[in-house]
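In the numbering used here, the protein residues as written are 7 to 89. Ideal Cβ placement from N, Cα and C applies to all residues, glycine included. Only a predicted model underlies this, so the values are computations on that prediction, with no experimental measurement involved. Here is the structure we will look at, set down as structure tokens.
Laid out in structure tokens, this is it:
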């Protein structure tokens with residue numbers, strides 16, 4: 007499986023990425039071995055994810071989420087946590 011995800015960083019910023027192993031990727035972010043962006047903003051907390059069959063689908067969704075405003079991302083997260 008492939009996952010598109012959003013984490014909330016220590017400074018309350020949001021980071022969007024994709025992975026094939028969600029638990030491992032979050033752990034890597036928190037160990038400072040994830041993305042450059044999250045290294046100085048750890049710890050991170052997983053706040054949203056979607057599951058896809060293919061890498062292409064996950065990457066396409068990652069790109070689409072990255073085009074959203076912060077307000078739109080927060081609405082997406084809120085809808086996800088209330089379902």
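- In this structure, the beta-carbon distance from residue 9 to residue 25 falls below 8 Å.
- Within the same chain, Cβ atoms closer than 7 Å to the Cβ of residue 83 are found at 12, 53, 54, the five residues on either side in sequence being excluded.
- Excluding residues up to 5 positions away in sequence, 20, 50, 51, 53 lie with their Cβ nearer than 7 Å to the Cβ of residue 14 in the same chain.
- Taken atom to atom, the span from the alpha-carbon of residue 46 to that of residue 58 is near 29 Å.
- DSSP, reduced to helix, strand and coil, places residue 74 outside both helices and strands of the structure shown, so it counts as coil.
- Within the same chain, and ignoring the five residues on either side of residue 65 in sequence, the residues whose Cβ sits closer than 7 Å to its Cβ are 24.
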